[in-house]
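Colleague: Residue numbers (the working numbering): 118 to 352. All C-beta atoms, glycine included, are put in the ideal place defined by N, C-alpha and C. One structure follows; several queries about it will come next.
Below, the structure is given as structure tokens:
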């Protein structure tokens, strides 16, 4: 008897990566910058998006796909600011391309300047999944401690930007911005860093300017943003 092993999981991952690449090219052609935001639960992803929407009101068109294990509370918070769709995983610790596609279908019109994907709160699993983003952002709140880059290196290695949130609490917690940034840049030397306080909108202008620059690069004939593939190192 001959035993044949079929690498089903590897084939599925390869197909999901192919779909992500195809979607990214389509977004690039439309001039839509896709931003995947990852963090631990409660780090401030939704607050950052609320502040971003307020800053861009009347200037840019943005939409959000919100990932959560359960409830649509974050989506409800964002609904007054921009088009939003809830992606409920029902227990899965990360979003994947099929669920993102469902959310895009529910959004209907995709005539946006920016599409944000607020991933499930988790510093491990989401780092391994390409959701067709042009920019991956890891958000770290000062209340979590400055040791997270070293503890969760893959999340930082696969990101292009680091947002340090809740900076208004720095005087109350033992968090060194310099130490966190130094550790993060040992892992990813080209990481863009943005300390912000979403409640006061301190640092939001620099964050939004970075995203505007990334979007403008989509249309540049010398840019390779549209060819960017997220490095997941998951085979």
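With a floor of 4 residues, list each alpha helix (DSSP H) that falls wholly inside the region 199-279, ordered by position along the chain.
Modeller: You should have 214-224, 265-268, 270-274.
Colleague: I'd like the span of the beta strand (DSSP E) that includes residue 151, first residue to last.
Modeller: The count along the chain shown starts at 1 and reaches residue 151 at position 34. Here the beta strand (DSSP E) through residue 151 covers 150-155.
Colleague: If you draw a straight line from the C-alpha of residue 301 to the C-alpha of residue 242, how long is it?
Modeller: For the purposes of this step, residue 301 is identified with residue 184 of the chain shown, where counting begins at 1. For the purposes of this step, residue 242 is identified with residue 125 of the chain shown, where counting begins at 1. Each residue's Cα considered, the two are about 18 Å apart.
Colleague: In this structure, how does DSSP classify residue 164 when only helix, strand and coil are distinguished?
Modeller: For the purposes of this step, residue 164 is identified with residue 47 of the chain shown, where counting begins at 1. DSSP places residue 164 in helix when its eight states are reduced to three.
Colleague: With distances taken from CA atoms, which of 299, 193, 138, 220 is nearest residue 232?
Modeller: The residue given as residue 232 occupies position 115 in the chain shown. Cα-wise, what sits closest to residue 232 is 220.
Colleague: For a test of the three-state rule: what should DSSP assign to residue 292, helix, strand or coil?
Modeller: By one-based count along the chain shown, residue 292 stands at place 175. In this structure, residue 292 counts as coil in the three-state DSSP scheme.
Colleague: Got a sec? Which residues, its chain only, sit under 7 Å from residue 263 by beta carbon, not counting five neighbours each side?
Modeller: Translated into the one-based positions of the chain shown, residue 263 becomes position 146. Once the five neighbours on either side are set aside, the close Cβ partners of residue 263 are 292, 293, 296, 297.
Colleague: Is residue 315 near residue 160, with beta carbons less than 8 Å apart?
Modeller: As a working mapping, residue 315 is identified with position 198 in the chain shown. As a working mapping, residue 160 is identified with position 43 in the chain shown. No.
Colleague: Assuming contact is defined by CB atoms lying nearer than 8 Å, are residue 280 and residue 165 in contact in what I supplied?
Modeller: What you label residue 280 is simply residue 163 of the chain shown in a count that begins at 1. What you label residue 165 is simply residue 48 of the chain shown in a count that begins at 1. Contact: yes.
Colleague: Mapping DSSP to helix, strand and coil, what is residue 180?
Modeller: Locating residue 180 in the chain shown gives position 63, counting from the first residue. Looking at residue 180 - three-state DSSP - the assignment turns out to be strand.
Colleague: State the start and end residues of the unbroken alpha helix (DSSP H) segment that holds residue 330.
Modeller: The residue you call residue 330 lines up with position 213 of the chain shown. That run of the alpha helix (DSSP H) goes 321-335.
Colleague: Is residue 313 helix, strand or coil by DSSP?
Modeller: Within the chain shown, the letter at position 196 stands for residue 313. Coil, per DSSP.
Colleague: Put residue 185 into one of helix, strand or coil per three-state DSSP.
Modeller: Counting from 1 along the chain shown, the entry for residue 185 is found at position 68. DSSP places residue 185 in strand when its eight states are reduced to three.
Colleague: Just curious, the alpha helix (DSSP H) that residue 192 is in, first and last residue?
Modeller: Here residue 192 refers to the residue found at position 75 of the chain shown. Segment 190-195, the alpha helix (DSSP H) holding residue 192.
Colleague: How many whole angstroms separate the CB atoms of residue 206 and residue 184, which I take to be in contact at a CB cut-off of 8 Å?
Modeller: As a working note, residue 206 is residue 89 in the chain shown. As a working note, residue 184 is residue 67 in the chain shown. Residue 206 to residue 184, Cβ: 6 Å. Contact.
Colleague: Pull up the distance between the alpha-carbon of residue 194 and that of residue 180, whole angstroms please.
Modeller: Locating residue 194 in the chain shown gives position 77, counting from the first residue. Locating residue 180 in the chain shown gives position 63, counting from the first residue. Cα to Cα, the separation comes out at about 13 Å.
Colleague: Whose CA, out of 312, 304, 208, 191, lies closest to the CA of residue 201?
Modeller: Sequence index remark: in the chain shown, residue 201 carries index 84 (1-based). It is 191 whose Cα lies nearest to the Cα of residue 201.
Colleague: Out of 330, 283, 308, which one is the CA nearest neighbour of residue 261?
Modeller: Mapped onto the chain shown, residue 261 falls at position 144. Here the closest residue by C-alpha is 283.
Colleague: Which residues in the same chain as residue 332 place their Cβ atom closer than 6 Å to its Cβ, once the five residues preceding and following it in sequence are excluded?
Modeller: Position 215 of the chain shown, counted from the first residue, corresponds to residue 332. Same-chain partners within the cutoff: 150.
Colleague: Examine the Cβ distances between the region 133-140 and the region 322-329 and report whether three or more of them are shorter than 8 Å.
Modeller: A contact between stretches requires three or more CB pairs, one per stretch, nearer than 8 Å, and the region 133-140 fails this requirement with the region 322-329.
Colleague: Check this for me: beta carbons of residue 270 and residue 214, under 8 Å apart or not?
Modeller: In the chain shown, the residue the question calls residue 270 occupies position 153. In the chain shown, the residue the question calls residue 214 occupies position 97. Their beta carbons are not under 8 Å apart, which means residue 270 does not touch residue 214 by this criterion.
Colleague: When you compare only the Cα positions, how much space is there between residue 171 and residue 246?
Modeller: Indexing the chain shown from 1 puts residue 171 at position 54. Indexing the chain shown from 1 puts residue 246 at position 129. So the alpha carbons of these two residues sit roughly 29 Å apart.
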